[in-house]
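A.B. asks: Respectively, the protein sequence lines represent chains A and B.
In terms of the working numbering, the first sequence opens at residue -18 and continues consecutively.
In terms of the working numbering, the second sequence opens at residue 432 and continues consecutively.
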Amino acid sequence: MQKGDFSKDFVEKIAQDEPQWMRDKRLEAYSLYESLPMPHTTEDDKWRRTVDMRTQDYWRRTRRNLRGFAVENYHPAAETNGSASVEVDDGAGVIVQVDGKPQHTYLSPEVKKKDVYFADLHTALKERGDLIRDYFMTQAVTLETTLKSGNFATRNKFDALHGAFWQGGYVLHVPKGVRIEDPLRVYIQLSEEQHADMSHVLLIAEEDSQVVILEDNSSANPDAGGFHCGAVEIFAGQNANVTYGQVQHWNRQVWNFASQRAVISKNAQLCWVTATFGARLSKLNQAIVLEGTGSNAQLLGLAFTDARQHLDVSTAQEHLSPHTSSDLLYRNVLKDRSQTAWGGNIYVYPNANYTDAYQKNDNLLLSERAHADTLPGLEIEAHEVRCTHGATAGQIDAEQVFYLMSRGLTYDLAEKLIVDGFFEPVIERIPMETVRKEMDEFISLKLA
Amino acid sequence: MNNELIIKDLHISVQGNEIIKGLDITVKPGEVHALMGPNGSGKSTLAYGLMGHPSYDIESGEVLFNGIDVLELEPNERAKLGLFLAFQYPTAIPGVSMANFLRTAVSAVRSTETNGSENIELIPMREFRVELREKMAQLGMDDSFARRYLNDGFSGGEKKRAEILQLAMLEPKIAVLDETDSGLDIDAVRIVGESVSSLVGPELGVLIITHYPRLLDYIRPQFVHILLDGRIVESGGYELTQLLEAEGYDPIREKHGIAEAVQENTI
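#1: Less than 9 Å separating the beta-carbons of B/Glu435 and B/Pro460?
#2: Between which residues of its own chain and B/Ala478 is the CB-CB distance below 7 Å, once the five residues before and five after are set aside?
#3: Just tell me which of A/Ala141, A/Asp354, A/Gly226 has its CA closest to the CA of A/Ser16.
#4: Is there at least one non-hydrogen atom of the ligand NAD closer than 8 Å to the beta-carbon of A/Gln84?
#5: When you compare each of A/Ser246, A/Leu102, A/Glu422, A/Val294 to A/Asp189 by their alpha carbons, which one comes out closest?
#6: B/Met482 touches chain A at which residues, Cβ-Cβ below 7 Å?
#7: Would you decide whether A/Asp96 is buried or exposed? Buried here means 16 or more other CB atoms lie within 10 Å of its CB.
#8: Can you give the Cα-Cα distance for B/Lys452 and A/Asn326, rounded to whole angstroms?
#9: For B/Pro485, go through chain A and note every residue whose CB falls closer than 8 Å to its CB, in chain order.
#10: Are A/Arg367 and A/Ala338 closer than 9 Å when you measure CB to CB?
#11: Quick one: Cα of A/Gly211 to Cα of A/Arg242, how far?
#12: Figure out for me which residue from B/Ile438, B/Asn470, B/Ile595, B/Asn433 has the closest Cα to the Cα of B/Leu658.
#13: Tell me, to the nearest whole angstrom, how far the beta carbon of B/Gln673 is from that of B/Ser629; I am working on the premise that it is less than 8 Å.
#14: Taking only three categories from DSSP, how would you classify A/Val52?
#15: Using 8 Å for Cβ pairs, my map puts A/His176 next to A/Gly207. What's the rounded Cβ distance?
#16: Buried or exposed for A/Ala333, please, with buried defined as at least 16 other CB atoms from any protein chain shown within 10 angstroms of its CB.
#17: Where are the beta strand (DSSP E) runs, 3 residues long or more, that stay fully inside the region 469 to 556 of chain B, in chain order?
#18: Which residues in the same chain have their Cβ closer than 6 Å to the Cβ of A/Lys6, if we skip the five residues on either side of it in sequence?
#19: Considering only the beta carbon of each residue, do B/Asp500 and B/Val494 sit closer than 9 Å?
#20: Measuring only the C-alpha atoms, how far is B/Leu647 from B/Ile437?
#21: Which same chain residues end up closer than 6 Å to A/Asp197 when comparing Cβ atoms and leaving out the 5 residues on each side of it in sequence?
#22: Which residues of chain B have a Cβ atom closer than 7 Å to the Cβ of A/Glu405, listed in chain order?
#23: Can you pull the chain A residues whose beta carbon is under 8 Å from the beta carbon of B/Leu598, in chain order?
#24: Given this structure, state the Cα-to-Cα distance separating A/Gln219 from B/Glu589, to the nearest angstrom.
#25: Quick test of your reading: A/Leu124 and A/Ala10, contact by CB under 8 Å. State the CB separation rounded to the nearest angstrom.
#26: Could you give the uninterrupted runs of the beta strand (DSSP E) lying entirely in the region 251 to 306 of chain A, keeping only those of 3 residues or more?
#27: Taking just the CA atoms, how far does A/Leu8 sit from A/Ala(-4)?
#28: Using a Cβ cut-off of 7 Å, pull out every chain A residue sitting near B/Leu516, in sequence order please.
#29: Taking 9 Å as the cut-off, decide whether the C-beta atoms of A/Leu183 and A/Phe117 are in contact.
#30: Contact defined as beta carbons within less than 8 Å: I believe A/Leu280 pairs with A/Trp323. What is the distance between those atoms, to the nearest angstrom?
#31: Helix, strand or coil for A/Phe146? Go by DSSP, reduced to three states.
#32: Please tell me whether B/Pro652 and B/Tyr680 are closer than 9 Å, where the distance is taken between their beta carbons.
#33: Rounding to the nearest angstrom, what Cα-Cα distance links B/Ser538 and A/Gly74 in this structure?
#34: Between B/Ile698 and B/Lys566, what straight-line distance do the alpha-carbon atoms span, to the nearest angstrom?
#35: Could you check how far apart the C-beta atoms of A/Val192 and A/Val155 are, in whole angstroms? I think they sit under 8 Å.
#36: Any idea which residues DSSP pairs B/His464 with across the strands?
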C-alpha cells in the first residue's frame, strides 16, 4: 500500500492531473500551512477550550490537549486497501467513500433526469471544473481574513492544511426549480490505521430548489487511529430549501477538525443538523451567513460524549440582511470524564434590521467528572432586532431519578428516559423519521 | 404475608433530625387507612421513607411487605413488589411523554427479569394502548393527556390526576397517597377522590396521608390514625375525622402534651 504524507511533493502528486487553478490553490494553501504555527491553546482565544478545561492553569498548559496529536503521524490517502463496513441502500442517490477514495456512487435515473449533479469531488473537478472553481473555498470556507465574524477570521492552520491536501468529499448541485423529495445519502469512512480523511463537501442548491442530504462519518475499523480535516460549504440559492444532516461517529481514536459554513440567499431556508458521538477530540467551526433578505436557518446540534472525549464547537450566526432569522439549539449529554465546550455568537450587521435570532446551549452531565463550558455571545450593530440567548449546564436531577425509580425503573432506565427527554426538543425538530430513529440508536449505544 | 404492609417502630431522620419517632401501622389489601396530622408532623417523611428516597435515613425499625424487608430494597424494587407512592409534588420530566413513560414503567414493574437489567422487554404497543385508553376512560381523562410530557407544565389538578393514572396502570398492592388533595380546588378534589375510590377494591390497600379530611368524603377509610410529632397518638374509625373537623388538632395536642411543630422539611 502506498502512503501519502503532508509534504509539498505530495501536494504536487495529488495535483498532477488537476487543472492549473486548483494546483495553484493547493500550493498557496500549502505555503500558508507552512507559515502558520500550530494553534496555541493558551494564547489563541479560538483554541483555549480545545484543551482540558479542568486544568485552568493557563500559564502551564501550553498545547496541552493537542499533545498526542501530530500531523506527521497521519497519511493522506494515496491508495487504500480499506473497504466500507456499511451496507447501503441506493435510494435516490448515495456516495460511499473510504479513506478518501470513492467506492460507490449512485444517482437514481429519476433524479439524474432533472440534471442534478452528484459526484465525488475529483470526478466533479474533471466534469464540472467551472462550477467547482466558482464555489470551492471562494465564499464560504476561505483562507482569507476578510470575514468579520471572527469565527473564520483567523487564518486557521487546519483550514490551510485542508486546502492543500483535500482529497475525497463530494459535490451536489441541484439546478434551479428542482425539488428532490427523498434524501440523498453519503457515507464517509476511515478504515486503515493512521489514515487522514480530508473530505471537502460542496452543496449548491440553486434558486427554488429543494434537497435533503444526510451524511454519515464513521470508522470501518473500531480501533484504527485517524485524522479528519474537513470542510463543508453550503449554498442555498434564492427561495431554496436545504436540509443537511451530518452524523459524526468516528471511533474514539480519531482527531476531528472541521470548518463548515453555509451562505443563505434571499428567502432561502436551511435546516442543519449536526450530531456528534465520536472522535477523541473534535474541533468544529460552524457558521451560517444569512446573506439574503428574509433568509432563515435552523441549527440543531446534539452531542453525546463519554470516556475522555473532548468536543469543542464554535458557532456563528451572521445576519447580513434585514428580516433574517436564525434559531440555534445545541444539546449535549456528557458521561464519564468527557468535556464539551460550546461558544456561539450571533452577529447582526448594521444593515440587518428586523433580525430575529435565537441561540441556546444546554448540557446534561451524567457524571461529576464531566465538564461543560458554554459561552453564548451577541454582537449587534443594528437597531431593530430581537436576539435571545441562553445556556445551561447541570448534573442529572436526583429528584427526577427517584421519581422514575419509584415507578419501577432501574437507575439505568431512569437515566435513559431522562437523557431521551433532554434530547427530545432537538430530535422532534429533525424533519426525517429515519434520522430520528438512527439518533435513538446511537444514544442507546452510548448509554449501554 | 398476603401483601400486608407492616411498619414496626420506624424511626426516620432527615439531615440528622429525627422526624418519625417510632411509628407502627399495618395496612392490608382491601383496607383504607387515613393518616392525618398537621403540617410538620412527619407525614411526607414517612411517605418518602417508605419509598426509599436517598435523603431520608431510616434509623431503626422495620418495614415488611409481603414478609419481605423493604428497607433493603431500591425504590424500583419496592415498586416491583407492589408498593406505590402518589407524590405530593410530582417531578416534571420534560421531553418524556406520559405514554412512553407509562409503557416503560408498566413493563418494568411487570417484567419477570430479576437481575436488575435495564433490558426489559416493553409490552407490545397495541396491547399497551388499549390498556391505557381503558384506564384513562375509567378516570375520565382525555386521550391527549398521554401525549404530553410527564408533569411538564401540568396544573396542580393535572399532576394529581396523572399520579392516579399511574396508580391505575401500575396496579400496586399497597398505595400511599401523600397529600393528594393539597393545592386542589373543590371540584378537583372531587374528581381525584372519585378516581381513587373507583380503584379501591379487595386487591388494593390504601394509606391516605392528609391534613384535611375533604378527600375522605370520597374515599371513606375504615381506619384513621392521627400523627403528631412523628408518632401515632390516636387510632380509631371514621368518627375520628369528624372530631378533627369539629375541633382541629389542638385538643389532641393538649391531651398528649405536644407543642405545635415547626414547618416540616420538604424536598
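Just so you know, even glycine gets a beta-carbon here, dropped at the ideal spot from N, CA and C.
C.D. replies: Considering the structure as presented:
#1: Along the second sequence, read from residue 1 onward, the residue named residue 435 of chain B stands at position 4. Along the second sequence, read from residue 1 onward, the residue named residue 460 of chain B stands at position 29. Yes; because the gap between Cβ atoms is below 9 Å, this pair is in contact.
#2: Mapped onto the second sequence, residue 478 of chain B falls at position 47. For B/Ala478, where only same-chain residues beyond five positions count, the Cβ hits under 7 Å are Leu516, Val607, Asp609, Ile640.
#3: For the purposes of this step, residue 16 of chain A is taken as the residue at position 35 of the first sequence. It is A/Ala141 whose Cα lies nearest to the Cα of A/Ser16.
#4: The model on display carries no ligand, and the ligand NAD is accordingly not part of it.
#5: Residue numbering aside, residue 189 of chain A sits at position 208 when the first sequence is read from its first letter. The shortest Cα separation from A/Asp189 among A/Ser246, A/Leu102, A/Glu422, A/Val294 belongs to A/Ser246.
#6: Residue mapping note: residue 482 of chain B aligns to position 51 of the second sequence, counting from 1. The answer, in chain order, is Ser387.
#7: As a working mapping, residue 96 of chain A is identified with position 115 in the first sequence. In this structure A/Asp96 is exposed. Its beta-carbon is surrounded by fewer than 16 other beta-carbon atoms within 10 angstroms.
#8: Here residue 452 of chain B corresponds to residue number 21 of the second sequence, with the count starting at 1. Here residue 326 of chain A corresponds to residue number 345 of the first sequence, with the count starting at 1. Those two C-alpha atoms are separated by around 57 Å.
#9: Translated into the one-based positions of the second sequence, residue 485 of chain B becomes position 54. B/Pro485 reaches chain A at Ala379, Phe383, counting residues in chain order whose Cβ is nearer than 8 Å.
#10: As a position in the first sequence, residue 367 of chain A is number 386, starting the count at 1. As a position in the first sequence, residue 338 of chain A is number 357, starting the count at 1. Yes.
#11: Within the first sequence, numbered from 1, the residue matching residue 211 of chain A stands at position 230. Within the first sequence, numbered from 1, the residue matching residue 242 of chain A stands at position 261. Roughly 12 Å between the two C-alpha positions.
#12: Here residue 658 of chain B corresponds to residue number 227 of the second sequence, with the count starting at 1. Here the closest residue by C-alpha is B/Asn470.
#13: Taking the first residue of the second sequence as position 1, residue 673 of chain B is located at position 242. Taking the first residue of the second sequence as position 1, residue 629 of chain B is located at position 198. About 24 Å separates the beta carbons of B/Gln673 and B/Ser629, which is beyond the 8 Å limit, so they are not a contact pair.
#14: Taking the first sequence and counting its residues from 1, the one referred to as residue 52 of chain A is at position 71. A/Val52 falls in the helix class under three-state DSSP.
#15: Here residue 176 of chain A refers to the residue found at position 195 when the first sequence is read from its first residue. Here residue 207 of chain A refers to the residue found at position 226 when the first sequence is read from its first residue. The pair is a contact, with the Cβ atoms about 6 Å apart (cut-off 8 Å).
#16: Here residue 333 of chain A refers to the residue found at position 352 of the first sequence. It is buried - the Cβ of A/Ala333 has at least 16 other Cβ atoms within 10 Å.
#17: 487 to 496, 514 to 517
#18: Position 25 of the first sequence, counted from the start, is the residue given in the question as residue 6 of chain A. Same-chain partners within the cutoff: there are none.
#19: Looking up residue 500 of chain B in the second sequence gives position 69. Looking up residue 494 of chain B in the second sequence gives position 63. Yes; because the gap between Cβ atoms is below 9 Å, this pair is in contact.
#20: Taking the first residue of the second sequence as position 1, residue 647 of chain B is located at position 216. Taking the first residue of the second sequence as position 1, residue 437 of chain B is located at position 6. Going from the Cα of B/Leu647 to the Cα of B/Ile437 covers about 23 Å.
#21: By one-based count along the first sequence, residue 197 of chain A stands at place 216. Cβ neighbours of A/Asp197 beyond the five flanking positions: Tyr168, Val228.
#22: Locating residue 405 of chain A in the first sequence gives position 424, counting from the first residue. The contacting residues are Gly526.
#23: As a first step, residue 598 of chain B is located in the second sequence; it is residue number 167 there, counting from the start. Neighbours of B/Leu598 on chain A: none; closest Cβ ~10 Å, over 8 Å.
#24: The sequence position of residue 219 of chain A within the first sequence is 238, counting from 1. The sequence position of residue 589 of chain B within the second sequence is 158, counting from 1. Whole-angstrom Cα-Cα distance: 47 Å.
#25: The count along the first sequence starts at 1 and reaches residue 124 of chain A at position 143. The count along the first sequence starts at 1 and reaches residue 10 of chain A at position 29. So it is a contact: roughly 6 Å between Cβ atoms.
#26: The region 251 to 306 of chain A is shown to contain whole beta strand (DSSP E) runs of 3 or more residues at 262 to 271, 277 to 286, 291 to 300, in chain order.
#27: Stepping through the first sequence from its first residue, residue -4 of chain A is reached at position 15. Stepping through the first sequence from its first residue, residue 8 of chain A is reached at position 27. Approximately 9 Å between the Cα atoms of the pair.
#28: Counting from one through the second sequence, the residue named residue 516 of chain B turns up at place 85. Simply Ser387.
#29: Reading the first sequence from its first residue, position 202 is the one you call residue 183 of chain A. Reading the first sequence from its first residue, position 136 is the one you call residue 117 of chain A. A contact, by the Cβ cut-off of 9 Å.
#30: Numbered from its first residue, the first sequence carries residue 280 of chain A at position 299. Numbered from its first residue, the first sequence carries residue 323 of chain A at position 342. Between A/Trp323 and A/Leu280 the Cβ distance is about 11 Å, and since that is not below 8 Å, they are no contact.
#31: Taking the first sequence and counting its residues from 1, one reaches residue 146 of chain A at position 165. Residue state, collapsed to three classes: helix.
#32: Locating residue 652 of chain B in the second sequence gives position 221, counting from the first residue. Locating residue 680 of chain B in the second sequence gives position 249, counting from the first residue. No, the pair does not count as a contact, with Cβ atoms beyond the cut-off.
#33: Residue 538 of chain B sits at position 107 when you count from the first residue of the second sequence. Residue 74 of chain A sits at position 93 when you count from the first residue of the first sequence. Distance between the alpha carbons of B/Ser538 and A/Gly74: 41 Å.
#34: Against the second sequence, residue 698 of chain B aligns to sequence position 267. Against the second sequence, residue 566 of chain B aligns to sequence position 135. Here B/Ile698 scores only 48 on pLDDT, less than 50, and its place in the model is too uncertain to base an answer on.
#35: Mapped onto the first sequence, residue 192 of chain A falls at position 211. Mapped onto the first sequence, residue 155 of chain A falls at position 174. The Cβ separation is near 5 Å, so the contact holds.
#36: Reading the second sequence from its first residue, position 33 is the one you call residue 464 of chain B. Partner(s): B/Leu638, B/Phe654.
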